[in-house]
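In the working numbering, the protein residues as written are 498 to 761.
The structure is reproduced here in structure tokens:
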């Protein structure tokens, strides 16, 4: 991949496994739920926080020419963004982060505020691994069904926790239990400080636990330049599928980058 990713010992075996899993791939359809960075420090790869030189927390950016609700990045560049809904067992989340970092990939994590309340160290762990960190509401309820006051509290509640833990409200906002935000939720997100709402064009369906092969085929069948992929922490199928997906991304000469880098 033009020197973008350091080879790992399992690469050949994974490439073979990926080919077997991807055989017969076809396109199918969570509504519910720039340069490459250097590899993360050893402590981060082992799932620990890097305390000596913490990565500065980025703030939301406006991307001229992009819609308020972003589904994908430029189709003319060989980059994709793997985005993760941030909740579930933190041990599984650390495994996902470490696997991505070993492959030289960077992720975008949309964290649930109540998850950060229970696991405050995860915010710093995500940033110290070189990943994007954003807002996925405070309680992960159906934000599109809420009234204005409640919906705004869901957005700002998570934003406040992110600011307290990292100094920033996060780079992105994604609505909970919905692929797309309603016009009201889009407006509330802008009021809270997020110029864009982050959607996606590839739904992995990993939250339905369909099996490793199904997750891998679903994503690989729809993945193309500029894709934003929806994945989830907390599911073992996702952990098992991730090395295969990263190998397939590498085979296609794509780069797995943060959403910020995808759009920059």
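The C-beta atom is built at its ideal place from N, Cα and C for all residues, glycine as well.
Distance cut-off 7 Å: residue i Cβ against heavy atoms of the ligand FMN
i: residue 587; result: The ligand FMN is absent from the structure shown, which contains no ligand whatsoever.
Sequence-distant residues of the same chain with beta carbon closer than 6 Å to residue i, five excluded per side
i: residue 623; result: 606 and 630
i: residue 500; result: Low local confidence applies: a pLDDT of 40 at residue 500 is under 50, so the model's placement there is unreliable, with the coordinate-based value given in what follows. Contacts found: none.
i: residue 447; result: Only positions 498 to 761 of the chain appear in this structure, which leaves residue 447 out of reach.
i: residue 703; result: 712, 728, 729, 732, 734 and 735
i: residue 619; result: 587
i: residue 661; result: none
i: residue 634; result: 640, 651, 655 and 673
i: residue 721; result: none
i: residue 679; result: 641
Residue span of the beta strand (DSSP E) that contains residue i, given as start and end
i: residue 726; result: 725–729
i: residue 608; result: 605–608
Residues near residue i by beta carbon distance below 7 Å, same chain, minus five either side
i: residue 571; result: 723
i: residue 555; result: 665, 668 and 757
i: residue 575; result: 722, 750, 751 and 752
Local Cβ density within 10 Å of residue i, reported as buried at 16 or more and exposed below that
i: residue 761; result: exposed
i: residue 672; result: buried
i: residue 665; result: buried
i: residue 740; result: buried
i: residue 557; result: buried
i: residue 758; result: buried
i: residue 750; result: exposed
i: residue 578; result: buried
i: residue 754; result: buried
Residue i (DSSP reduced to helix, strand or coil)
i: residue 632; result: strand
i: residue 760; result: helix
i: residue 568; result: coil
i: residue 753; result: strand
i: residue 638; result: coil
i: residue 695; result: strand
i: residue 670; result: strand
Cut-off 8 Å between Cβ atoms - residues of its own chain near residue i, not counting five sequence neighbours on either side
i: residue 565; result: 683, 687, 692, 693 and 694
i: residue 546; result: The predicted position of residue 546 is uncertain, since its pLDDT is 43 and thus under 50; no value can be drawn from it.
i: residue 636; result: 609, 610, 611, 651, 654 and 673
i: residue 709; result: 518, 734, 737, 738 and 741
i: residue 569; result: 697, 698, 723, 724 and 725
Residue range of the alpha helix (DSSP H) that includes residue i
i: residue 583; result: Taken as a continuous stretch (DSSP letters only), residue 583 belongs to no alpha helix (DSSP H), being part of the beta strand (DSSP E) at 576–583.
i: residue 713; result: 709–719
i: residue 740; result: 733–748
i: residue 684; result: 680–689
i: residue 625; result: 618–625
i: residue 654; result: 645–663
Do the region 574–591 and the region 642–662 touch if we need at least three Cβ pairs shorter than 8 Å?
Under the 8 Å Cβ criterion, the region 574–591 does not count as touching the region 642–662, having fewer than three qualifying pairs.
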